[in-house]
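These notes are about the structure you will find just below.
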Amino acid sequence: MAMKAIAVPKPRDTLQQSVLPWLLGVCVAILAASAIIIGGWLAINGLTSLLAAVLSWTSSGVWRPLTATLFITLLALPIAALVGGLAAGALADERIFGAGVRAMRRWLTLLGSIPTIVIASAIVVVAGAIGWQPTLTGASLAVAIASMPLMTALAASVIGSSASPVGEAAIALGASPAVVVLRVLLPRAGLRFGGAITLGATNMIGGAAVVAIAAGALAQGSSGQDPIGAWPLAVQLWLHAPVVSQYGATAAGALVLTMLLWLVQGFGLLRATPTTSTESR
Amino acid sequence: MINVAERLFETGARTCAILVVAIAPTAIAALVIASALALVRGTPLVDAAGFFQLGGATLGLALVSATIGLIVGGGAGLYTMEIATPGLRQGIRALAGALHAVPAVGFGIVAGGGLLYAVHKPTAIVVFGVAAATLAINIGSIAFVQMRRELASVPAGLREAAAAAGADSATIALDVVLPSLRKRIAGLWWSLLATAMGEGVALQVIFAAALARVSGVVSPHASSAYGTFATLLLEQGATLRGTALFALAPVALTLLGMTVAAVLIGRRAAGHVPWP
Numbered sequence: 001m002a003m004k005a006i007a008v009p010k011p012r013d014t015l016q017q018s019v020l021p022w023l024l025g026v027c028v029a030i031l032a033a034s035a036i037i038i039g040g041w042l043a044i045n046g047l048t049s050l051l052a053a054v055l056s057w058t059s060s061g062v063w064r065p066l067t068a069t070l071f072i073t074l075l076a077l078p079i080a081a082l083v084g085g086l087a088a089g090a091l092a093d094e095r096i097f098g099a100g101v102r103a104m105r106r107w108l109t110l111l112g113s114i115p116t117i118v119i120a121s122a123i124v125v126v127a128g129a130i131g132w133q134p135t136l137t138g139a140s141l142a143v144a145i146a147s148m149p150l151m152t153a154l155a156a157s158v159i160g161s162s163a164s165p166v167g168e169a170a171i172a173l174g175a176s177p178a179v180v181v182l183r184v185l186l187p188r189a190g191l192r193f194g195g196a197i198t199l200g201a202t203n204m205i206g207g208a209a210v211v212a213i214a215a216g217a218l219a220q221g222s223s224g225q226d227p228i229g230a231w232p233l234a235v236q237l238w239l240h241a242p243v244v245s246q247y248g249a250t251a252a253g254a255l256v257l258t259m260l261l262w263l264v265q266g267f268g269l270l271r272a273t274p275t276t277s278t279e280s281r
Numbered sequence: 282m283i284n285v286a287e288r289l290f291e292t293g294a295r296t297c298a299i300l301v302v303a304i305a306p307t308a309i310a311a312l313v314i315a316s317a318l319a320l321v322r323g324t325p326l327v328d329a330a331g332f333f334q335l336g337g338a339t340l341g342l343a344l345v346s347a348t349i350g351l352i353v354g355g356g357a358g359l360y361t362m363e364i365a366t367p368g369l370r371q372g373i374r375a376l377a378g379a380l381h382a383v384p385a386v387g388f389g390i391v392a393g394g395g396l397l398y399a400v401h402k403p404t405a406i407v408v409f410g411v412a413a414a415t416l417a418i419n420i421g422s423i424a425f426v427q428m429r430r431e432l433a434s435v436p437a438g439l440r441e442a443a444a445a446a447g448a449d450s451a452t453i454a455l456d457v458v459l460p461s462l463r464k465r466i467a468g469l470w471w472s473l474l475a476t477a478m479g480e481g482v483a484l485q486v487i488f489a490a491a492l493a494r495v496s497g498v499v500s501p502h503a504s505s506a507y508g509t510f511a512t513l514l515l516e517q518g519a520t521l522r523g524t525a526l527f528a529l530a531p532v533a534l535t536l537l538g539m540t541v542a543a544v545l546i547g548r549r550a551a552g553h554v555p556w557p
């Protein structure tokens with residue numbers, strides 16, 4: 001029998017050996033410099049206006065827009081998390097959908113590629129056809145719908161990562177799908193499921209497109225800001241970004257929003273405990 | 282014996298899964314019907330030439346930013362996780378985390394501010410260059426996180442075997458880990474391309490700032506001068522109300538087709554396209 005020769009890789013030459021890690025270092029430098037430049041730019045332009053923005057209770061300050069952000073998030077997040085969590089539970093136990101579950105999982109990954117702007121456009125087209133003009137309350141429903149695929153994917157990955165052996169053991173012992181999901185998989189996912197919800201919340205807090213489209217942020221005579229009377233902070237920043245005279249206030253708002261997202265994201269990552277050795281490095 | 286609560290859970294879970302999976306077909310159906318109605322009415326949002334111009338800008342910006350973003354973010358991820366010392370790794374991860382926390386509108390405000398305060402009025406090439414660079418950094422921060430996730434999937438035994446054979450960390454990263462991830466990185470590029478095509482907020486702020494700097498007109502409607510499908514959808518979606526919104530549908534449907542095509546081609550080429 002002919003033996004197949006094992007190809008021994010040739011050692012790279014010294015130049016290549018030193019240049020490639022150096023190029024990777026340049027990539028790190030670009031990313032790090034971007035973070036410093038963005039943070040520095042917002043701080044330089046926004047710090048002088050930050051105090052005025054923090055002390056003002058008008059819609060041009062940060063508190064009312066933050067209240068609107070909180071309003072949207074508090075309404076949309078429980079809906080998206082509940083539907084996403086339950087959907088992920090259905091996809092975790094193959095007995096709930098049978099053979100169709102694999103197709104549904106593949107379809108779900110395809111859903112992730114659809115831009116939220118397109119989903120928001122479809123929602124607002126339907127709203128326009130039936131003569132509905134959403135306010136912030138209606139916009140939060142649009143945000144919840146647009147976030148459902150993401151929440152499902154996050155929840156499915158958290159539940160799925162702790163599924164195989166324990167879930168199979170529970171099924172072998174005769175546990176029903178509800179028991180497997182609720183008493184075996186979810187408790188094992190534990191805090192990481194909370195982390196997934198927190199990460200979903202950052203998308204709602206930082207996202208401007210869905211609310212702007214659904215509530216008609218640029219529409220004439222729009223009452224989209226009701227019932228809070230202010231746009232969420234991300235939408236507020238988007239609306240005023242090109243105005244030179246208000247640039248300081250806009251930069252201050254962007255600084256506040258970034259800090260808020262950084263805190264929420266950090267909180268989410270702390271809860272989402274890494275599972276692999278590489279992740280924890 | 283399955284009790285009522287368990288049966289309720291199963292029904293609820295099944296309903297929710299169907300609801301989530303039905304979002305895309307429902308959106309497509311609504312957009313197809315609205316497109317047909319918009320065509321019958323003859324009130325397009327843009328003419329044919331404008332449509333191709335927007336499509337070209339969308340694809341061009343997405344191709345450039347996905348490629349640069351993957352190189353920068355992926356390369357930084359590889360260096361951080363495989364080559365950097367533990368102290369340096371912590372520092373890079375903190376900075377990358379801070380960059381990842383910047384919302385899309387924040388990227389737009391910084392780049393748009395640069396254009397607003399520029400000494401010279403920016404030309405169209407400069408505006409698209411700034412837009413591509415901003416989107417590339419935004420995408421790069423996503424690529425960094427995705428690359429870390431892909432690196433975590435590489436079996437530790439592979440690294441240990443290479444280390445036992447005397448390879449240093451750079452050799453392991455470039456000759457062992459990177460080749461094992463070739464297909465997954467290709468899938469990541471397609472995922473980033475789809476993400477870049479759908480990004481509208483940051484680009485719209487940049488285009489509006491450029492328009493304000495060039496013409497002195499402060500208007501959120503910048504897509505008449507510069508734009509992509511996503512920025513046009515954002516502007517017009519936030520402006521139009523009632524049945525006038527039907528005019529959005531052909532643009533939304535085209536963008537949807539482009540992003541889904543990117544994922545499907547990516548799946549065929551790379552086998553797997555990760556969630557953006």
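Chains A and B supply the protein sequences, listed in that same order.
Going by the numbering used here, the first sequence opens with residue 1, and the numbers climb by one from there.
Going by the numbering used here, the second sequence opens with residue 282, and the numbers climb by one from there.
Ideal Cβ placement from N, Cα and C applies to all residues, glycine included.
Chain-ordered neighbours of Leu312 of chain B on chain A, where CB pairs are closer than 9 Å:
Here the question's residue 312 of chain B lines up with position 31 in the second sequence. Correct list: Val118, Ser121, Ala122, Val125.
Uninterrupted alpha helix (DSSP H) stretches inside the segment 161-231 of chain A (no shorter than 4 residues)
Listed in chain order, the complete alpha helix (DSSP H) runs (minimum 4 residues) inside the segment 161-231 of chain A are 164-172, 186-189, 191-206, 209-215.
Kindly indicate which three-state DSSP category Ile114 of chain A falls into: helix, strand or coil?
If you number the first sequence from 1, residue 114 of chain A lands on position 114. Correct three-state label for Ile114 of chain A: coil.
Would you list, in chain order, the members of the segment 328-351 of chain B that have their beta-carbon closer than 8 Å to a beta-carbon of chain A?
Legend: CB atoms of the segment 328-351 of chain B lying less than 8 Å from CB atoms of chain A are not found in any residue.
Own chain partners of Gly138 of chain A with C-beta closer than 8 Å, once the 5 adjacent residues on each side are dropped:
Within the first sequence, residue 138 of chain A is the residue found at index 138, counting from 1. Ala127, Trp132, Ala214, Ala215.
Count the CB pairs spanning the segment 43-53 of chain A and the segment 238-252 of chain A that are closer than 8 Å, and state whether there are at least three.
By the Cβ criterion, the segment 43-53 of chain A is in contact with the segment 238-252 of chain A, since at least three pairs of Cβ atoms, one from each stretch, lie closer than 8 Å.
Whose C-beta lies closer than 8 Å to the C-beta of Gly206 of chain A among residues of the same chain, with five residues either side of it excluded?
Translated into positions along the first sequence, residue 206 of chain A becomes position 206. Once the five neighbours on either side are set aside, the close Cβ partners of Gly206 of chain A are Ala234, Leu257, Leu261.
Taking Ala139 of chain A as the query, report the chain B residues whose CB atoms sit under 8 Å from its CB, ordered along the chain.
The residue you call residue 139 of chain A lines up with position 139 of the first sequence. Within chain B, no residue comes near Ala139 of chain A; the closest Cβ sits about 11 Å away, beyond 8 Å.
So, do the segment 444-456 of chain B and the segment 347-356 of chain B have three or more beta carbon pairs nearer to each other than 8 Å?
Counting Cβ pairs under 8 Å, fewer than three are found: no touch.
Would you list, in sequence order, the uninterrupted beta strand (DSSP E) runs of no fewer than 3 residues that lie entirely inside the segment 73-102 of chain A?
As for any beta strand (DSSP E) of minimum length 3 sitting wholly inside the segment 73-102 of chain A, there is none.
Return helix, strand or coil for Arg374 of chain B, following the three-state DSSP convention.
Your numbering for residue 374 of chain B matches position 93 in the second sequence. Taken through DSSP and simplified to helix, strand or coil, Arg374 of chain B comes out as helix.
Would you identify the three-state DSSP class for Glu480 of chain B, choosing helix, strand or coil?
For the purposes of this step, residue 480 of chain B is taken as the residue at position 199 of the second sequence. Coil, per DSSP.
So is Ile171 of chain A in contact with chain B if we call contact Cβ pairs under 7 Å?
Taking the first sequence and counting its residues from 1, one reaches residue 171 of chain A at position 171. Not one chain B Cβ lies under 7 Å of Ile171 of chain A.
Short-range partners of chain D found in the segment 186-215 of chain A, where Cβ spacing is below 7 Å:
Structure shown: chain D not included; protein chains present are A and B.
Close Cβ partners of Trp471 of chain B (< 6 Å) along its chain, the five nearest in sequence each way excluded
On the second sequence, residue 471 of chain B is found 190 positions in, with the first residue counted as 1. Excluding residues within five positions, the ones whose Cβ falls inside 6 Å are Ala543, Gly547, Val554.
For Val559 of chain B, three-class secondary structure by DSSP
With chain B represented from 282 up to 557, any question about residue 559 of chain B goes unanswered, as that position is not in the structure.
For a quick check, are the C-beta atoms of Arg105 of chain A and Leu82 of chain A less than 7 Å apart?
As a working note, residue 105 of chain A is residue 105 in the first sequence. As a working note, residue 82 of chain A is residue 82 in the first sequence. Not in contact: Arg105 of chain A and Leu82 of chain A (Cβ atoms no closer than 7 Å).
Option nearest Gly468 of chain B by Cα separation, candidates B:Leu462, B:Ala551, B:Arg429:
As a working mapping, residue 468 of chain B is identified with position 187 in the second sequence. Ranking B:Leu462, B:Ala551, B:Arg429 by Cα distance to Gly468 of chain B puts B:Ala551 first.
Determine whether the Cβ of Ala230 of chain A lies closer than 7 Å to any Cβ atom of chain B.
Looking up residue 230 of chain A in the first sequence gives position 230. Not closer than 7 Å to any Cβ of chain B, the Cβ of Ala230 of chain A fails to qualify, so no.
C-beta neighbour in chain B for Ser34 of chain A, strict 7 Å
Indexing the first sequence from 1 puts residue 34 of chain A at position 34. With its beta carbon less than 7 Å from one in chain B, Ser34 of chain A belongs to the interface.
Does the beta-carbon distance from Val143 of chain A to Ala201 of chain A come in below 7 Å?
For the purposes of this step, residue 143 of chain A is taken as the residue at position 143 of the first sequence. For the purposes of this step, residue 201 of chain A is taken as the residue at position 201 of the first sequence. Contact flag unset, no.
Below 8 Å on C-beta distance, what does Val243 of chain A contact in chain B?
In the first sequence, counting from the first residue as 1, residue 243 of chain A sits at position 243. Here the neighbours are Ala493, Val499.
Reference Ala212 of chain A; option with closest CA among A:Ile197, A:Ala230, A:Arg102
Residue mapping note: residue 212 of chain A aligns to position 212 of the first sequence, counting from 1. Closest option to Ala212 of chain A, judged by alpha-carbon separation, among A:Ile197, A:Ala230, A:Arg102: A:Ala230.
When you compare the CB of Arg549 of chain B with every CB in chain A, is at least one pair closer than 7 Å?
Reading the second sequence from its first residue, position 268 is the one you call residue 549 of chain B. No, Arg549 of chain B does not count as interfacial toward chain A.
Relative to the C-alpha of Leu340 of chain B, which candidate in B:Glu480, B:Gln517, B:Pro531 has its C-alpha closest?
Locating residue 340 of chain B in the second sequence gives position 59, counting from the first residue. The option with the nearest alpha carbon to Leu340 of chain B is B:Glu480.
Can you tell which of B:Ala477, B:Ala330, B:Ile352 has the C-alpha that lies nearest to the C-alpha of Ser113 of chain A?
Sequence index remark: in the first sequence, residue 113 of chain A carries index 113 (1-based). Distance from the Cα of Ser113 of chain A is smallest, within the candidate group B:Ala477, B:Ala330, B:Ile352, for B:Ala477.
Kindly provide the ranges of any alpha helix (DSSP H) runs that are 4 or more residues long and lie completely inside the segment 441-515 of chain B, ordered along the chain.
Counting whole runs of 4 or more residues, the segment 441-515 of chain B contains the alpha helix (DSSP H) stretches 463-479, 482-496.
Alpha-carbon to alpha-carbon, Leu462 of chain B and Thr278 of chain A
Taking the first residue of the first sequence as 1, we reach residue 278 of chain A at position 278. Taking the first residue of the second sequence as 1, we reach residue 462 of chain B at position 181. Legend: pLDDT at Thr278 of chain A = 33, less than 50; position of this residue unreliable, value from coordinates given subsequently. Roughly 15 Å separates the two Cα atoms.
With a threshold of 7 Å between beta-carbons, can Phe409 of chain B be considered close to chain A, or not?
Taking the first residue of the second sequence as position 1, residue 409 of chain B is located at position 128. It does not: the Cβ of Phe409 of chain B has no partner Cβ on chain A nearer than 7 Å.
Using a Cβ-Cβ cut-off of less than 8 Å, give me the residues of the segment 92-116 of chain A that come near chain B, in sequence order.
Answer set for the segment 92-116 of chain A: Ile96, Phe97, Met104, Trp107, Leu108, Thr109, Leu110, Leu111, Gly112, Ser113, Ile114, Pro115, Thr116.
Boundaries (first-last residue) of the alpha helix (DSSP H) holding Trp238 of chain A:
Residue mapping note: residue 238 of chain A aligns to position 238 of the first sequence, counting from 1. Residues 233-240.
Start-to-end residues for the alpha helix (DSSP H) that takes in Gly410 of chain B:
Along the second sequence, read from residue 1 onward, the residue named residue 410 of chain B stands at position 129. That run of the alpha helix (DSSP H) goes 405-433.
Pro381 of chain B versus Val264 of chain A - alpha carbon distance
Position 100 of the second sequence, counted from the first residue, corresponds to residue 381 of chain B. Position 264 of the first sequence, counted from the first residue, corresponds to residue 264 of chain A. Residue 381 of chain B is actually His in this sequence, not Pro. A straight line joining the alpha-carbon of His381 of chain B with that of Val264 of chain A spans about 12 Å.
Using a C-beta to C-beta distance shorter than 9 Å, which residues of chain A count as neighbours of Leu514 of chain B?
By one-based count along the second sequence, residue 514 of chain B stands at place 233. By Cβ distance, chain A contributes Pro115, Ile117, Val118, Ala120, Ser121, Ala209, Ile213.
Determine, for Ala68 of chain A, whether the minimum Cβ-Cβ distance to residues of chain B falls below 7 Å.
Locating residue 68 of chain A in the first sequence gives position 68, counting from the first residue. No, Ala68 of chain A lies away from the interface with chain B (no Cβ there is under 7 Å from its Cβ).
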